[in-house]
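*Asks:* What the sequence shown shows, in our numbering, is residues 29 to 205, in sequence order.
A virtual CB, placed ideally from N, CA and C, is assigned to each residue, including glycine.
From a predicted model like this one, the values you see are computed outputs, not experimental measurements.
Please read through the structure below; I'll follow up with questions.
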Amino acid sequence: MNEQLLPIERFLWTLDIVQREGNHLAYSWRTLFEAGQSPSSEWVATLDQRPEDAIRLEAFVSRYSRMQDTIADKLIPRWLQSLAERVGSQIENLNRAERLGVLESTEAWLAARKLRNQLVHEYMQEPDAFAEALQEARNYALMLMATYNHIRAYAGERMSLDAPLPEELVLPGQQPG
Numbered sequence: 029m030n031e032q033l034l035p036i037e038r039f040l041w042t043l044d045i046v047q048r049e050g051n052h053l054a055y056s057w058r059t060l061f062e063a064g065q066s067p068s069s070e071w072v073a074t075l076d077q078r079p080e081d082a083i084r085l086e087a088f089v090s091r092y093s094r095m096q097d098t099i100a101d102k103l104i105p106r107w108l109q110s111l112a113e114r115v116g117s118q119i120e121n122l123n124r125a126e127r128l129g130v131l132e133s134t135e136a137w138l139a140a141r142k143l144r145n146q147l148v149h150e151y152m153q154e155p156d157a158f159a160e161a162l163q164e165a166r167n168y169a170l171m172l173m174a175t176y177n178h179i180r181a182y183a184g185e186r187m188s189l190d191a192p193l194p195e196e197l198v199l200p201g202q203q204p205g
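Have a look at this one:
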């Protein structure tokens with residue numbers, strides 16, 4: 029990306045990337061959790077016998093991790109810069125986003141981050157813990173997508189932008205609005 033872009037252009041460019049990541053995460057969420065599916069410890073323990081399920085799981089974990097990283101490392105700081113806010117450490121940025129009403133909870137975000145690390149490293153060793161972590165990730169993935177929607181709504185309502193915004197994400201279980 030061209031570093032010569034203005035802060036608002038960088039924010040909009042990143043918002044578009046996160047919207048795309050969110051669509052992919054929503055798709056992976058649906059393939060893993062909809063239709064009454066709920067990955068159990070037995071499901072996790074027998075993944076070696078079902079490579080197609082392992083691929084769906086890997087896609088979900090990868091997309092969950094990527095979207096969380098992009099929001100925390102790029103989107104929130106660029107959004108704050110476009111508001112002429114001071115950008116600080118990640119925890120400071122998350123706290124500011126919470127105070128501005130676009131992040132449900134910094135504490136929940138940090139728990140989702142910790143869970144992300146668990147998802148990346150534990151499923152091969154501990155199927156019970158991993159199945160439990162997947163259930164938590166199911167909800168945290170919705171939080172990630174909602175955070176994008178909140179930042180997008182904030183931009184549309186309060187930032188007087190000339191450029192069109194990317195589409196709102198339709199969270200799994202919701203109807204397009």
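Would the beta-carbon of I99 fall within 8 Å of that of L172?
*Replies:* Numbered from its first residue, the sequence shown carries residue 99 at position 71. Numbered from its first residue, the sequence shown carries residue 172 at position 144. Cβ distance < 8 Å, so I99 and L172 count as in contact.
*Asks:* Give the straight-line distance between the Cα atoms of L182 and V130, rounded to the nearest whole angstrom.
*Replies:* In the sequence shown, counting from the first residue as 1, residue 182 sits at position 154. In the sequence shown, counting from the first residue as 1, residue 130 sits at position 102. The amino acid at residue 182 is misidentified as Leu; the sequence shows Tyr. Straight-line Cα distance between these residues: approximately 7 Å.
*Asks:* Which residue marks the beginning of the alpha helix (DSSP H) containing M171, and which one marks its end?
*Replies:* Numbered from 1 along the sequence shown, position 143 holds the residue referred to as residue 171. From DSSP, the alpha helix (DSSP H) with M171 extends over 155-186.
*Asks:* Leaving aside the five residues before and after L40 along the sequence, list all residues of the same chain whose C-beta is less than 7 Å from its C-beta, in chain order.
*Replies:* Numbered from its first residue, the sequence shown carries residue 40 at position 12. Once the five neighbours on either side are set aside, the close Cβ partners of L40 are A191.
*Asks:* Would you mind working out which of P35, T59, R38, G50 sits nearest L199, comparing C-alpha positions?
*Replies:* Stepping through the sequence shown from its first residue, residue 199 is reached at position 171. Among P35, T59, R38, G50, the Cα nearest to that of L199 belongs to G50.
*Asks:* Please classify A112 as buried or exposed, where buried requires at least 16 other C-beta atoms within 10 Å of its C-beta.
*Replies:* Counting from one through the sequence shown, the residue named residue 112 turns up at place 84. When all chains shown are included, A112 counts as exposed.
*Asks:* Taking just the CA atoms, how far does E154 sit from M187?
*Replies:* In the sequence shown, counting from the first residue as 1, residue 187 sits at position 159. In the sequence shown, counting from the first residue as 1, residue 154 sits at position 126. Between M187 and E154, the C-alpha separation is close to 46 Å.
*Asks:* Sort S68, L43, R38 by Cα distance to F158 and report the nearest one.
*Replies:* For the purposes of this step, residue 158 is taken as residue 130 along the sequence shown, with counting starting at 1. Among S68, L43, R38, the Cα nearest to that of F158 belongs to S68.
*Asks:* For I83, count neighbouring C-beta atoms within 10 Å of its own C-beta (all shown protein chains included) and say buried if the count is 16 or more, exposed if not.
*Replies:* Counted from its first residue, the sequence shown places residue 83 at position 55. Exposed.
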